[in-house]
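Below: one structure, written as structure tokens.
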Amino acid sequence: MTGKQRKLPLYIQIKNKMITNIKEGTWAPGASIPSESKLMEQYNVSRTTIRQSIRDLAQNGVLETRRGAPTKVRLVPEKDMSNPGVFHHEIGSQFTVKLLRSVESKDFYLAKAKLHLEDHEEVFMAERLRLSEGLPIGYQQLFFPLAVADVMRGDLDDSFDLFPRLGQQNIHYTNIKEGISAVSATQYEADLLGIMTGEPLIDITRTTLGGDSKPMEYSRTKYIPSAFDYRVEIGK
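Here our numbering = 1-based position in the sequence shown + 9.
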């Protein structure tokens, strides 16, 4: 599997495989899971991907991690794994991105507010197209504090998902808050996406908190509806 040939980020795919192991009893409650090295070999992925998958499950109360001790399956998971809530992802294969422009400015006032930056501080903005099989499916604006932006400037034109790259630099997220709404495409967005001005788009806003519980990213992505899958699961 490669970063450009998947429907879900790689660490989420691995996390889902881990959940399957728990649900099917392969990893019993209270038992230690395989070491990072064994998981890397089993799934043929990097240590960063394994750690991010484990970190997500630990934050969701599924796994227990302690310094110097093996990671274990929580005896009584804090959350029902059969009811993960909201799922969404792009539809298609061969995912790529195209960087349109990037800039540092003090004038992105909404993004600065979302990132809790001071008036005198600049924010880094990257504008990208998200593509599936070479066709545009979404228009994205990413906003970062400059300290975070410095880590991933070189990855903006080829990394569909930037979180693994940030994880490699020991920059990890602890919480993601998203909002979803419907908007009409502007002429600029329509030209980029190959649609008519005024056609509906799915508008996803996201604020990501870092390890210090401070915002590390704010983004807004507008998708063509036919290229986006959204569902909600309630109950068991």
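No residue lacks a Cβ here, since even glycine has one placed at the ideal position from N, Cα and C.
Exercise. Going by beta carbon distance, what residues of the same chain come within less than 7 Å of R64, once the five residues before and after it are set aside?
Worked result: H181
For this session: Indicate the three-state DSSP secondary structure (helix, strand or coil) for Q14 in the structure shown.
Result: Residue confidence is low: Q14 scores 39 on pLDDT, short of 50, so the model does not pin down where it sits. Its coordinate-derived value is still stated next. Three-state result, Q14: coil.
For this session: Grab me the residues of S168's own chain with a C-beta within less than 6 Å of its C-beta, minus the 5 sequence neighbours each way, in chain order.
Result: Around S168, the same chain offers R174 as residues with beta carbons nearer than 6 Å, after the five sequence neighbours per side are excluded.
For this session: Work out the CA separation of D166 and F237 for me, nearest whole Å.
Result: 21 Å
Exercise. For V106 versus L138, is the C-beta spacing smaller than 8 Å?
Worked result: yes
For this session: Output the distance between the C-alpha atoms of S114 and W36, rounded to the nearest integer angstrom.
Result: 49 Å
Problem set entry | 7 Å CB neighbourhood of N30 in its chain, flanking five on each side removed | W36
For this session: Mind checking which residues open and close the alpha helix (DSSP H) that includes D65?
Result: R56 to Q68
Exercise. Looking at the structure shown, is A236 part of a helix, part of a strand, or coil, going by DSSP?
Worked result: helix
Exercise. Considering K121, what are the terminal residues of the alpha helix (DSSP H) in which it resides?
Worked result: Y118 to K123
For this session: Using DSSP bridges, identify the partner residues of N184.
Result: L218
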